[in-house]
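Engineer: Sending over a structure as structure tokens; questions will come in a sec.
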Amino acid sequence: KAGVTQTPRYLIKTRGQQVTLSCSPISGHRSVSWYQQTPGQGLQFLFEYFSETQRNKGNFPGRFSGRQFSNSRSEMNVSTLELGDSALYLCASRTGPANTGELFFGEGSRLTVL
Amino acid sequence: AQTVTQSQPEMSVQEAETVTLSCTYDTSESNYYLFWYKQPPSRQMILVIRQEAYKQQNATENRFSVNFQKAAKSFSLKISDSQLGDTAMYFCAFMSSNFGNEKLTFGTGTRLTIIP
Chain A
17 KAGVTQTPRY LIKTRGQQVT LSCSPISGHR SVSWYQQTPG QGLQFLFEYF
67 SETQRNKGNF PGRFSGRQFS NSRSEMNVST LELGDSALYL CASRTGPANT
117 GELFFGEGSR LTVL
Chain B
3 AQTVTQSQPE MSVQEAETVT LSCTYDTSES NYYLFWYKQP PSRQMILVIR
53 QEAYKQQNAT ENRFSVNFQK AAKSFSLKIS DSQLGDTAMY FCAFMSSNFG
103 NEKLTFGTGT RLTIIP
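Quick mapping for you: the protein sequence lines, in order, are chains A and B.
Numbered by my numbering, the letters in the first sequence go through residues 17 to 130 in order.
Numbered by my numbering, the letters in the second sequence go through residues 3 to 118 in order.
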């Protein structure tokens with residue numbers, strides 16, 4: 017069974033640009049969460065989607081947005097990039113909100129903002 | 003809001019020895035989940051062990067076990083017979099069981115190095 021797949025693995029952008037990251041969950045998983053990992057702030061929750069609906073959101077500005085498609089794949093978008101957005105963005109999937117408590121993570125997308 | 007504290011930024015231990023990583027948390031909830039995740043240099047976060055707060059019995063997964071003290075809000079991870087492949091960042095994490103709030107709150111991590 018394929019794991020959580022994130023693309024691209026690495027990308028470099030400049031300030032003011034926007035970026036879109038993609039996440040394909042494990043087959044059969046309908047919930048996708050996104051986390052930002054930085055040396056300064058650690059791991060922080062961005063948002064969670066289930067059945068194409070956002071069901072939880074962390075404390076990030078509106079520049080951070082996401083969506084989920086009918087096949088459960090998810091994308092997150094960051095607009096008007098700032099230097100501080102440089103981070104590893106991790107996607108995690110689980111079967112659904114039944115809350116087995118087990119999330120499976122992808123390898124992340126490393127974003128560098130210059 | 004929940005908080006998770008890992009007070010040991012770095013630890014090192016000889017191969018085959020036992021090591022214990024500390025974690026404390028703060029919450030007003032009575033039912034929740036606690037986790038230990040491992041993040042090797044490859045970056046992928048891997049679940050090591052999970053504990054459900056309503057279960058008094060400590061979770062065990064092969065060489066990994068936890069000491070869960072609910073009243074003290076403590077959740078330490080013990081790695082027995084440590085192996086070189088255990089070298090990684092270890093994160094303690096909390097998840098509420100409240101519907102709609104099942105996000106992970108992570109500690110700052112402990113960098114564990116297993117010395118050959």
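A virtual CB, placed ideally from N, CA and C, is assigned to each residue, including glycine.
With a threshold of 6 Å on Cβ separation, who are the neighbours of Ser-49 of chain A within its own chain once the five nearest residues in sequence on each side are excluded?
Structural biologist: For the purposes of this step, residue 49 of chain A is taken as the residue at position 33 of the first sequence. Excluding sequence neighbours, Ser-49 of chain A sits near Glu-64 and Ala-108.
Engineer: Mind checking Tyr-56 of chain B: buried by the 16 CB within 10 Å criterion, or exposed?
Structural biologist: The count along the second sequence starts at 1 and reaches residue 56 of chain B at position 54. Flag for Tyr-56 of chain B reads exposed.
Engineer: By Cβ distance below 7 Å, which residues in the same chain neighbour Leu-86 of chain B in space, the five residues on each side in sequence not counted?
Structural biologist: Residue numbering aside, residue 86 of chain B sits at position 84 when the second sequence is read from its first letter. For Leu-86 of chain B, where only same-chain residues beyond five positions count, the Cβ hits under 7 Å are Glu-17, Ile-116 and Pro-118.
Engineer: Pull up the distance between the alpha-carbon of Arg-46 of chain A and that of Tyr-39 of chain B, whole angstroms please.
Structural biologist: Residue 46 of chain A sits at position 30 when you count from the first residue of the first sequence. Residue 39 of chain B sits at position 37 when you count from the first residue of the second sequence. Their Cα atoms are separated by approximately 22 Å.
Engineer: With respect to the beta strand (DSSP E) encompassing Thr-36 of chain A, which residues constitute its N-terminal and C-terminal limits?
Structural biologist: Within the first sequence, numbered from 1, the residue matching residue 36 of chain A stands at position 20. Looking at the DSSP string, the run of the beta strand (DSSP E) that includes Thr-36 of chain A is 35 to 40.
Engineer: Going straight from the alpha carbon of Leu-119 of chain A to that of Lys-105 of chain B, what length do you get?
Structural biologist: Here residue 119 of chain A corresponds to residue number 103 of the first sequence, with the count starting at 1. Here residue 105 of chain B corresponds to residue number 103 of the second sequence, with the count starting at 1. Roughly 10 Å separates the two Cα atoms.
Engineer: Let me check one thing: in DSSP terms, what residues is Thr-128 of chain A bridge-paired to?
Structural biologist: Locating residue 128 of chain A in the first sequence gives position 112, counting from the first residue. According to DSSP, Thr-128 of chain A bridges with A:Ile-28.
Engineer: Measuring CB atoms only, is the segment 61 to 81 of chain A touching the segment 75 to 84 of chain B, in the sense that at least three cross pairs come out at less than 8 Å?
Structural biologist: With the cut-off at 8 Å, the segment 61 to 81 of chain A and the segment 75 to 84 of chain B do not touch.
Engineer: When the Cα atoms are used, what is the spatial distance from Ser-9 of chain B to Phe-66 of chain A?
Structural biologist: On the second sequence, position 7 is the one that residue 9 of chain B refers to. On the first sequence, position 50 is the one that residue 66 of chain A refers to. Approximately 34 Å, taken between the alpha carbons.
Engineer: When DSSP labels each residue in this structure, what does Leu-99 of chain A get in the three-state scheme?
Structural biologist: The residue given as residue 99 of chain A occupies position 83 in the first sequence. Here Leu-99 of chain A sits in helix by DSSP.
Engineer: Is the number of C-beta pairs between the segment 89 to 96 of chain A and the segment 29 to 48 of chain A that are closer than 8 Å three or more?
Structural biologist: These segments touch.
Engineer: With DSSP as the reference, label Gly-87 of chain B as helix, strand or coil.
Structural biologist: As a first step, residue 87 of chain B must be located in the second sequence, where it is residue number 85. Here Gly-87 of chain B sits in helix by DSSP.
Engineer: What does DSSP give as the partner residues of Tyr-65 of chain A in its beta bridges?
Structural biologist: Position 49 of the first sequence, counted from the first residue, corresponds to residue 65 of chain A. Answer is A:Val-48 and A:Gln-70.
Engineer: Measuring CB to CB, does Ser-125 of chain A end up less than 8 Å from Leu-27 of chain A?
Structural biologist: Here residue 125 of chain A refers to the residue found at position 109 when the first sequence is read from its first residue. Here residue 27 of chain A refers to the residue found at position 11 when the first sequence is read from its first residue. It is a contact, given that the beta carbons lie within the stated cut-off.
Engineer: Select from A:Asp-101, A:Gly-122 and A:Tyr-105 the residue whose C-alpha is nearest the C-alpha of Val-129 of chain A.
Structural biologist: Start at 1 with the first residue of the first sequence, and residue 129 of chain A comes out as number 113. The shortest Cα separation from Val-129 of chain A among A:Asp-101, A:Gly-122 and A:Tyr-105 belongs to A:Asp-101.
Engineer: Assign Ile-145 of chain B to buried or exposed, taking buried as 16 or more other Cβ atoms, counted over all protein chains shown, within 10 Å of its Cβ.
Structural biologist: Residue 145 of chain B lies beyond the stretch modelled for chain B, which goes from 3 to 118, so this question has no answer here.
Engineer: Does any C-beta atom of chain A lie closer than 8 Å to the C-beta of Gln-46 of chain B?
Structural biologist: On the second sequence, residue 46 of chain B is found 44 positions in, with the first residue counted as 1. Yes, contact with chain A.
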